[in-house]
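Down below is the structure, laid out as structure tokens.
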Amino acid sequence: MAETQTESDLSYIAKLTRVRAAAGIVLRDEAGRVLVVHPTYKDVWEIPGGTVEPDESPADACVREVREELGLSVSAGALLCVDWVPASPPWDGGLMFVFDGGVLTPDQIATIRLCPDELDRYEFIEPERLHEVLNSRLARRVAAAVAAIGRGGVYLEDGVATSSR
7 MAETQTESDL
17 SYIAKLTRVR
27 AAAGIVLRDE
37 AGRVLVVHPT
47 YKDVWEIPGG
57 TVEPDESPAD
67 ACVREVREEL
77 GLSVSAGALL
87 CVDWVPASPP
97 WDGGLMFVFD
107 GGVLTPDQIA
117 TIRLCPDELD
127 RYEFIEPERL
137 HEVLNSRLAR
147 RVAAAVAAIG
157 RGGVYLEDGV
167 ATSSR
């Protein structure tokens, strides 16, 4: 039997903080370089991924975005990091999830097909060069995610690991 919500419950729920969510994936080549993509609609580089849609999990969003943007079927592996991003109007604060997509084989890389409405190019970048192509917040996030591979996920705030509180 469904629980009935009172007017007080609904009022409380309406006042709760809302956050946006997005999910990205770290895909590497056999040399350990990280796949970055260039969207057609902005002049920045990013990792594959995108916004979590209503009723979609971050892992499912990640898999969907990689399929749509790159034509690849991959699994969202271990959660590498969650990054709390403070509000920057008009954007609300957000939770950014980064998953491990593993190492792509040369055959998988050969099958990459960019969605022309979304992306115009991709490159594999050495982890130590991420700060040269990604904006500073994303570079910090992706560097922390790469460092977490095989070691367990990390919690970040604005791309910076926080100490226990």
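Note that the working numbering has the sequence shown beginning at 7, numbered continuously upward. Glycine included, every Cβ here is placed at the ideal spot set by N, Cα and C.
{"Item": "Buried or exposed by the 16-neighbour rule on C-beta atoms within 10 Å, applied to arginine 171", "Value": "Low confidence applies to arginine 171: its pLDDT is 41, below 50, so where it sits in the model is not reliable, and the reading given next is rough at best. By the 10 Å Cβ count, arginine 171 comes out exposed."}
{"Item": "Nearest candidate by alpha-carbon position, reference alanine 153, set Pro96, Arg26, Thr111, Ala84", "Value": "Ala84"}
{"Item": "For valine 179, the nearest candidate out of Glu74, Cys87, Ala67 (CA to CA)", "Value": "Only positions 7 to 171 of the chain appear in the structure, and residue 179 is not among them; the question remains open."}
{"Item": "Proline 60 and phenylalanine 103 closer than 7 angstroms at C-beta", "Value": "no"}
{"Item": "Of the residues Val166, Ser142, Arg146, Ile31, the one placed nearest serine 81, counting alpha carbons only", "Value": "Ile31"}
{"Item": "Whole-angstrom distance between aspartate 106 and serine 14, CA atom to CA atom", "Value": "42 angstroms"}
{"Item": "Delimiting residues of the beta strand (DSSP E) encompassing arginine 26", "Value": "26-34"}
{"Item": "Among Tyr47, Ile53, Thr46, Glu36, the one whose alpha carbon lies nearest that of histidine 137", "Value": "Ile53"}
{"Item": "Burial state of isoleucine 19 (16 or more Cβ within 10 Å)", "Value": "exposed"}
{"Item": "Three CB pairs or more closer than 8 angstroms across the segment 89-96 and the segment 123-136", "Value": "no"}
{"Item": "Cβ-based burial, alanine 151 [other Cβ within 10 Å; buried from 16]", "Value": "buried"}
{"Item": "Whole-Å CB distance - arginine 146 paired with glycine 158, under 8 angstroms assumed", "Value": "About 18 angstroms; that fails the 8 angstroms criterion."}
{"Item": "Cβ neighbour criterion (16 or more within 10 Å) applied to valine 25", "Value": "exposed"}
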